[in-house]
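Protein chains in written order, with the working numbering: chain V, 48 to 391; chain P, 48 to 391; chain C, 48 to 391; chain X, 48 to 391.
Protein chains: 4
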Amino acid sequence: MNVAVIGATGYTGLELVRMLLQHPTLKLTYVSSDSQAGAMLTKVYPHLKGLVRHTLQRAEAKEIAEVADLVFTALPSGLSTEIVPELLDTGLKVIDLAGDHRLTQADYRQWYQKNPPAQATLATAVYGLPELQADKIAQADLIANPGCYPTATLLSLLPLVQQGLIETDTLIVDAKSGVSGAGKALSAATHYVEVNENFKAYKVGTHQHIPEIEGVLAQAAGHEVILSFTTHLVPMTRGILITAYAKLTENRSTADLLALYEQAYADHPFVRICEAGRMPETKEVAGSNFCDIGLRVDPRTQRVTVIGVIDNLVKGAAGQAIQNANLIAGLDQTTGLIAAPFYF
Amino acid sequence: MNVAVIGATGYTGLELVRMLLQHPTLKLTYVSSDSQAGAMLTKVYPHLKGLVRHTLQRAEAKEIAEVADLVFTALPSGLSTEIVPELLDTGLKVIDLAGDHRLTQADYRQWYQKNPPAQATLATAVYGLPELQADKIAQADLIANPGCYPTATLLSLLPLVQQGLIETDTLIVDAKSGVSGAGKALSAATHYVEVNENFKAYKVGTHQHIPEIEGVLAQAAGHEVILSFTTHLVPMTRGILITAYAKLTENRSTADLLALYEQAYADHPFVRICEAGRMPETKEVAGSNFCDIGLRVDPRTQRVTVIGVIDNLVKGAAGQAIQNANLIAGLDQTTGLIAAPFYF
Amino acid sequence: MNVAVIGATGYTGLELVRMLLQHPTLKLTYVSSDSQAGAMLTKVYPHLKGLVRHTLQRAEAKEIAEVADLVFTALPSGLSTEIVPELLDTGLKVIDLAGDHRLTQADYRQWYQKNPPAQATLATAVYGLPELQADKIAQADLIANPGCYPTATLLSLLPLVQQGLIETDTLIVDAKSGVSGAGKALSAATHYVEVNENFKAYKVGTHQHIPEIEGVLAQAAGHEVILSFTTHLVPMTRGILITAYAKLTENRSTADLLALYEQAYADHPFVRICEAGRMPETKEVAGSNFCDIGLRVDPRTQRVTVIGVIDNLVKGAAGQAIQNANLIAGLDQTTGLIAAPFYF
Amino acid sequence: MNVAVIGATGYTGLELVRMLLQHPTLKLTYVSSDSQAGAMLTKVYPHLKGLVRHTLQRAEAKEIAEVADLVFTALPSGLSTEIVPELLDTGLKVIDLAGDHRLTQADYRQWYQKNPPAQATLATAVYGLPELQADKIAQADLIANPGCYPTATLLSLLPLVQQGLIETDTLIVDAKSGVSGAGKALSAATHYVEVNENFKAYKVGTHQHIPEIEGVLAQAAGHEVILSFTTHLVPMTRGILITAYAKLTENRSTADLLALYEQAYADHPFVRICEAGRMPETKEVAGSNFCDIGLRVDPRTQRVTVIGVIDNLVKGAAGQAIQNANLIAGLDQTTGLIAAPFYF
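Okay, structure coming up:
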């Protein structure tokens, strides 16, 4: 299957290129960058010399359809909305890594402060969390690839919520991310001197990923879910760790819950459960498509603490997108994605 | 007033030396290090060349009493218990930076897994949080200098707890610290390659600072307080940030609560309240004795999120110890402590 | 003496503010920032809350002259050229931290690619390296405050060059700097993700500090000096380390040369010489005005290797500027500048 | 071909495991760690869960020979000397990543301060720099895998030295390395707080890699080579950058020399030459087996500056070892090694 990447020079686009180079059957035939169209990809990123020979194009749906079957859109939110309908019209399958197709129109308008996609397009979009709904993904034309924070949060909480084991109105998620999540755009917030040797919260209670998380959890719970969600910036490049707290609805031990998680993810090779007494670290999944999860029931508070980690650029973006592409292509979902984490 | 530092080559001891060099009236007359006794301090720390001429001693209470009026004990937990009674016997005032004199015997035994100080000694110890009880501190012979996490947490929560504005059984504190908090001892957990580009939780729900926090909050609340408390390691050297979540007991706006904090800390120059819409960052207090606090009431969840930051080595250790020494010496508590944060 | 800072919101301007707050006699009466004129300094930099009450002004020479005796210009190269003559005309003493007044017109044009200051102004400028010419500095109206790389390089090499002990045509300086040297302006080169976990060279053999170094060394040598000079970017915020290599003109031991350095800097409290076998580290001078120097004669190559470190924002900019201001004000040059390095 | 890793829990051993998991034909059948024998590899390194099922063994030559054809020894210097003869006796091919088999007995004794291997063993060892002597490597029983600094330095300089284009007695190499080069052992020098936000030189002129570099260069030059070599520690995990300076023996332009390098490495896919005006950065090779080289002739000094970068754990250790194993196995040397650098 031939694939294209729109927005190949951004951080998630570049990570898609890196990972597709390891893929045995998805063949990268087209890369675009409106701002640097005409340049060789190796001119912009010399570290790819000897590995790719692509020239960056200005994204044109018809041209893409001639050379590819599936396209990854790795664009800032708002731009996907414009180009995705054209891409779908040509018959291309689309995996959209932006936030545009994950929410209802009303939520998108409220949380992203932008005009949402048309309802007709939204109606065809399938939320691309393979551990939740691989079958639907395999049949979809348009995938809304999940956000980085939602991926880590949902995989960490779904088993509990699906089983009704936590009081969802006590749910608090304290999230921490490396800087690559902010993308390549220049801003004071990503200046080295501002970030280095610093730790801070941002968008406290107002992050645009909140409705995405609440929407999926509500479906799993069968009722509305509203949570406290705070995002923090860690002075490192890759990685997300979320720490979730909730009251249990019934008395369960750490061992009980770990067994539940092991079972829930038994057929999901990218989710790994830590043994009792251990919690995951971001470097243990760096560069890989794994989501590692640990948990502990605190006998003092009757709360469960769940900790989940992903590489925000991989399972939180490019890797998950390729996992979805594998499903669409009828491949095993792990094809081209089983690599050891960088670790250091 | 002449002062001594026992354990001057550890990180908090060294920070005490740095800060005492800026102090106009507290004069550092004695430094000890059992492992490097006999060496010049500048031999161990050449960066102090030209600034100090002290030779490291093996700590002896009588010798200290001859040259100092007050002593800072910057020793690992467990060692303070041994030496503090001897120091007190000579008539020295003692400010203990270890955890030994902050808890009841039972709590110390349980959370530190060590033998506690004698009850007679404990009974004389005053908890050295100047914003809570400056008067008692000024009269004390033995100060239990607060832990780093407790300092950040208590200053961030006391106004709410004292006013009964939060349901304390919903209280969750998600804490993050730089690596210097782990001290100078070698361990895999502080190896550069293990920490760099990594974020992880540790001692989830079991950190020894928990009973210290709960004890002070319980006194302020007038009833038992049990909280969820998780500590995380940030790949940076200095700084603690705590994010606290709790349900409000009554409907209050962000502006209401900020006004309450401004009032509560009006006479406390080291606590600074962020204006609405802003949250503090660790680098904004680096190297300084400030504790900066921001908060937000989330209209979606009726929870308040409070974020507090300190430099763990300063307000969380050496700076607060000097603040306590100022009170004991009858000085203005800010003497020698008003310096701009490093910032970068 | 009252002083002003033009460009107070840049990194060196902000460091001037930090350090002036510690100064017992230089009083900061005026701060400017054209881009943020009208705002409180604490609005732009909340970490200064409780420490300063200044409002940022649009720089106007006459207004400055009414409230200050001396002004620090902490502007990007090119802008100083415009404003300095106006400042001097009002009778203000000026310490210019930019590169504008350090070179001949021809060199400035060639290496900075900008129009140089008028010759009349240049003729009055005194190069502000106090260890080289404190007397001239004390009498000057306009100080060209040295660049960060030149400060580290010159202090590391002047004793050898003045004594004719190295063959200057074999001189190679390999320089490394933290990121704060690049200033606050946004660029891909200072994006956290680009800098973090990366080491690279830049401006190889073409850095604009080369003629500044060569000019001062030539004066000391009594003949032309041309050196190889390469700059590298270190993933850290503060600090410069230079490694210099040269052939000796006569057989000298490490001990000989260290004795020479000790003697050369005996009356210069900010230069510290490492004992034989030790080399300096950037963190040993972080936040301080010290320049630490170590050296070794390699018996295998008959070359001397000299290593010097400074904090680029302090001895390489703001601290040295205050040292110069002390001289102009008739104060001891260390006034307000003796503080222990941050170290960590 | 089945392969074993002795010392699989050290940093280079672990990197071998990571890279072998990507290899299509070399099969990892055995891993050893004397200190953790008996444990599952995933117990020691949970990030490998789902990827390996190996149990760590105590290294025994006979047992290894039963399950493997080739063994990588990733042990500290000194230990290889002991075990390599036993391994060779069983008929195993050995690739030794330690420094033991790279030097003459005299040099090893002098620079490593340890007893060298037997001369008989040394005589059979082939220096494993594939770009220098792939044919010899393919026939060897024992490979002395090059050191990290030598790999970067030799690849950067060999074309010039082989052509007699530099005066080797003017050669200076200023080298910088990330912290992983220091290995997993605990020491003050690798404590996070000591390394972070710090830059320093170490082993100035005395690093044990000096004779290795000089020996290979001497062979290429046809005469003795003695160079100045200084190593520095960069606050990052992976990467080496070397900056080399030398006088040219004849007038050559940057373009001339780049053309020479392009030609010299035309058949060597892991060496990439930067185009004129660009210099390589360590992150451009991170995680990969590439060595990127840039250079510039300085018209002011008639010196050439050559800059080379590698990932010290890959081309400087594990990757090069696999490249050597490929040659021994009769495979294309790039087999399993063509992956895009991590980049961030």
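Backbone N, C-alpha and C define an ideal beta-carbon position, used for all residues, glycine too.
For a minimum of 4 consecutive residues, which ranges assigned as the alpha helix (DSSP H) are wholly contained in the segment 79-167 of chain P?
For the segment 79-167 of chain P, whole alpha helix (DSSP H) runs of length 4 or above, ordered along the chain, are 88-91, 108-114, 126-136, 152-159.
Relative to the alpha-carbon of Leu122 (chain V), which residue among V:Gly225, V:Arg343, V:Gly230 has its alpha-carbon at the smallest distance?
Residue numbering aside, residue 122 (chain V) sits at position 75 when the first sequence is read from its first letter. Considering only alpha carbons, the answer is V:Gly230.
Can you tell me whether Gln255 (chain V) is buried or exposed, with buried defined as 16 or more other CB within 10 angstroms of its CB?
Counting from one through the first sequence, the residue named residue 255 (chain V) turns up at place 208. Counting Cβ neighbours within 10 Å, Gln255 (chain V) comes out buried, since at least 16 surround it.
Please list the partners that Tyr390 (chain X) has in chain V, where partner means a Cβ-to-Cβ separation under 9 Å.
Here residue 390 (chain X) refers to the residue found at position 343 of the fourth sequence. Within chain V, the residues near Tyr390 (chain X) are Leu61, Glu62, Arg65, Tyr92, His94, Leu95.
Over the uninterrupted beta strand (DSSP E) stretch that includes Arg319 (chain P), give me the two end residues.
Reading the second sequence from its first residue, position 272 is the one you call residue 319 (chain P). Unbroken beta strand (DSSP E) run through Arg319 (chain P): 318-320.
Mind checking the segment 68-91 of chain P against chain C and listing, in chain order, the residues whose C-beta falls within less than 7 Å of any C-beta there?
Cβ contacts with chain C: Leu68, Gln69.
Do the CB positions of Val351 (chain P) and Cys338 (chain P) come within less than 8 Å of each other?
Looking up residue 351 (chain P) in the second sequence gives position 304. Looking up residue 338 (chain P) in the second sequence gives position 291. No, Cβ-Cβ distance for Val351 (chain P) and Cys338 (chain P) is not below 8 Å.
Measure the beta-carbon distance from Thr284 (chain X) to Glu244 (chain C) and round it to whole angstroms, keeping in mind my assumption that it falls under 8 Å.
Looking up residue 284 (chain X) in the fourth sequence gives position 237. Looking up residue 244 (chain C) in the third sequence gives position 197. About 7 Å; that satisfies the 8 Å criterion.
Three or more C-beta pairs under 8 Å: does that hold for the segment 264-277 of chain X against the segment 301-320 of chain P?
no
How would you label Glu129 (chain P), buried or exposed, when you count the other beta carbons within 10 angstroms and need 16 or more for buried?
In the second sequence, the residue the question calls residue 129 (chain P) occupies position 82. With fewer than 16 other Cβ atoms within 10 Å, it is exposed.
Return helix, strand or coil for Arg394 (chain X), following the three-state DSSP convention.
There is simply no residue 394 (chain X) to check, as chain X begins at 48 and stops at 391 in what is shown.
Identify the contact partners of Val240 (chain P) in chain X, using a Cβ-Cβ distance below 8 Å as the criterion.
Sequence index remark: in the second sequence, residue 240 (chain P) carries index 193 (1-based). In chain order: Tyr58, Val226, Ser227, Lys231, Thr237, Thr284.
For Glu244 (chain V), would you say it is in contact with chain P, using Cβ-to-Cβ distances shorter than 8 Å as the test?
Taking the first residue of the first sequence as position 1, residue 244 (chain V) is located at position 197. Yes, Glu244 (chain V) lies at the interface with chain P (some Cβ there is under 8 Å from its Cβ).
At least one CB of chain V closer than 8 Å to the CB of Ser335 (chain C): is that the case?
Here residue 335 (chain C) is taken as the residue at index 288 of the third sequence, counted from 1. With 8 Å as the cut-off, Ser335 (chain C) does not count as an interface residue toward chain V.
Comparing alpha-carbon positions, which option in C:Gly57, C:Ala199, C:Glu62 lies nearest Ala387 (chain P)?
In the second sequence, residue 387 (chain P) corresponds to position 340, counting from 1. The residue with the shortest Cα to Cα distance from Ala387 (chain P) is C:Glu62.
Given that a residue counts as buried once 16 or more other Cβ atoms are within 10 Å of its Cβ, and exposed if not, what is Thr171 (chain X)?
Counting from one through the fourth sequence, the residue named residue 171 (chain X) turns up at place 124. It counts as exposed.
What are the residues of the segment 189-214 of chain V that lie near chain P, defined by any Cβ-Cβ distance shorter than 8 Å?
none
Is the CB of Ser127 (chain X) under 8 Å away from at least one CB in chain C?
As a working note, residue 127 (chain X) is residue 80 in the fourth sequence. Put simply, the CB of Ser127 (chain X) is far from chain C, with every gap to its CB atoms at 8 Å or more.
Rounded to whole angstroms, what's the CA-CA distance from Met48 (chain C) to Ala112 (chain C)? Just pull it up for me.
The residue labelled residue 48 (chain C) in the question sits at position 1 within the third sequence. The residue labelled residue 112 (chain C) in the question sits at position 65 within the third sequence. For Met48 (chain C) and Ala112 (chain C), the distance between alpha carbons rounds to 12 Å.
CB Ala191 (chain X) to CB Arg156 (chain X), shorter than 8 Å?
Taking the first residue of the fourth sequence as 1, we reach residue 191 (chain X) at position 144. Taking the first residue of the fourth sequence as 1, we reach residue 156 (chain X) at position 109. Going by C-beta atoms, Ala191 (chain X) is not nearer than 8 Å to Arg156 (chain X).
Among V:Glu331, V:Cys195, V:Ile354, V:Lys294, which one has its Cα closest to the Cα of Arg347 (chain V)?
Residue mapping note: residue 347 (chain V) aligns to position 300 of the first sequence, counting from 1. With distances taken between Cα atoms, Arg347 (chain V) lies closest to V:Lys294.
Report yes or no: is there a C-beta of chain P within less than 8 Å of the C-beta of Ser234 (chain X)?
Locating residue 234 (chain X) in the fourth sequence gives position 187, where the first residue counts as 1. So yes, Ser234 (chain X) belongs to the interface.
On the CB-based measure, 16 or more other CB atoms within 10 Å of its CB, does Thr290 (chain X) come out buried or exposed?
Against the fourth sequence, residue 290 (chain X) aligns to sequence position 243. Counting of Cβ neighbours within 10 angstroms places Thr290 (chain X) among the buried residues, the total reaching 16 or more.
Would Cys321 (chain P) and Pro93 (chain C) be called neighbours here (beta carbons separated by less than 8 Å)?
Counting from 1 along the second sequence, the entry for residue 321 (chain P) is found at position 274. Counting from 1 along the third sequence, the entry for residue 93 (chain C) is found at position 46. Cβ atoms of Cys321 (chain P) and Pro93 (chain C): closer than 8 Å.
Does Ala365 (chain V) pass the burial test, meaning 16 or more other C-beta atoms within 10 Å, or should it be called exposed?
Residue 365 (chain V) sits at position 318 when you count from the first residue of the first sequence. Flag for Ala365 (chain V) reads buried.
Rounded to whole angstroms, how far is the Cβ of Leu360 (chain X) from the Cβ of Ser234 (chain X), which I believe are closer than 8 Å?
Translated into positions along the fourth sequence, residue 360 (chain X) becomes position 313. Translated into positions along the fourth sequence, residue 234 (chain X) becomes position 187. Actually they do not touch by this definition, with Cβ atoms about 18 Å apart.
Is it true that the segment 78-94 of chain C meets the segment 375-386 of chain P, where meeting means three or more beta-carbon pairs spaced less than 8 Å apart?
no
Taking just the CA atoms, how far does Ala108 (chain V) sit from Thr138 (chain V)?
Here residue 138 (chain V) is taken as the residue at index 91 of the first sequence, counted from 1. Here residue 108 (chain V) is taken as the residue at index 61 of the first sequence, counted from 1. The residue asked about is misnamed: residue 138 (chain V) is Gly in this sequence, not Thr. Taking the straight line from one Cα to the other gives about 10 Å.
For chain A, find out if any of its Cβ atoms is closer than 8 Å to the Cβ of Ile219 (chain C); answer yes or no.
In the structure shown, chain A cannot be found, because the protein chains are V, P, C and X.
I'd like to know if Leu98 (chain P) contacts chain C, where contact means its C-beta is closer than 8 Å to some C-beta of that chain.
For the purposes of this step, residue 98 (chain P) is taken as the residue at position 51 of the second sequence. A Cβ of chain C is located within less than 8 Å of the beta carbon of Leu98 (chain P).
By the DSSP assignment, the beta strand (DSSP E) with Asp221 (chain C) in it spans what residues?
Locating residue 221 (chain C) in the third sequence gives position 174, where the first residue counts as 1. Unbroken beta strand (DSSP E) run through Asp221 (chain C): 219-224.
Please classify Ala248 (chain C): is it buried, with 16 or more other beta-carbons within 10 angstroms of its beta-carbon, or exposed?
Stepping through the third sequence from its first residue, residue 248 (chain C) is reached at position 201. Answer is buried; the Cβ neighbour count reaches 16.
Across which residues does DSSP place His256 (chain C) in a beta bridge pair?
Your numbering for residue 256 (chain C) matches position 209 in the third sequence. None, per the DSSP bridge assignment.
May I have the straight-line CA-CA distance separating Gly363 (chain P) from Leu67 (chain V), to the nearest angstrom?
Locating residue 363 (chain P) in the second sequence gives position 316, counting from the first residue. Locating residue 67 (chain V) in the first sequence gives position 20, counting from the first residue. Taking the CA atoms as reference points, Gly363 (chain P) sits about 48 Å from Leu67 (chain V).
Rounded to the nearest angstrom, what separates Ala236 (chain C) and Ile354 (chain V) at their Cα positions?
For the purposes of this step, residue 236 (chain C) is taken as the residue at position 189 of the third sequence. For the purposes of this step, residue 354 (chain V) is taken as the residue at position 307 of the first sequence. Distance between the alpha carbons of Ala236 (chain C) and Ile354 (chain V) is about 34 Å.
If you run the structure through DSSP and keep just helix, strand and coil, what is Tyr77 (chain X)?
Taking the first residue of the fourth sequence as position 1, residue 77 (chain X) is located at position 30. Looking at Tyr77 (chain X) - three-state DSSP - the assignment turns out to be strand.
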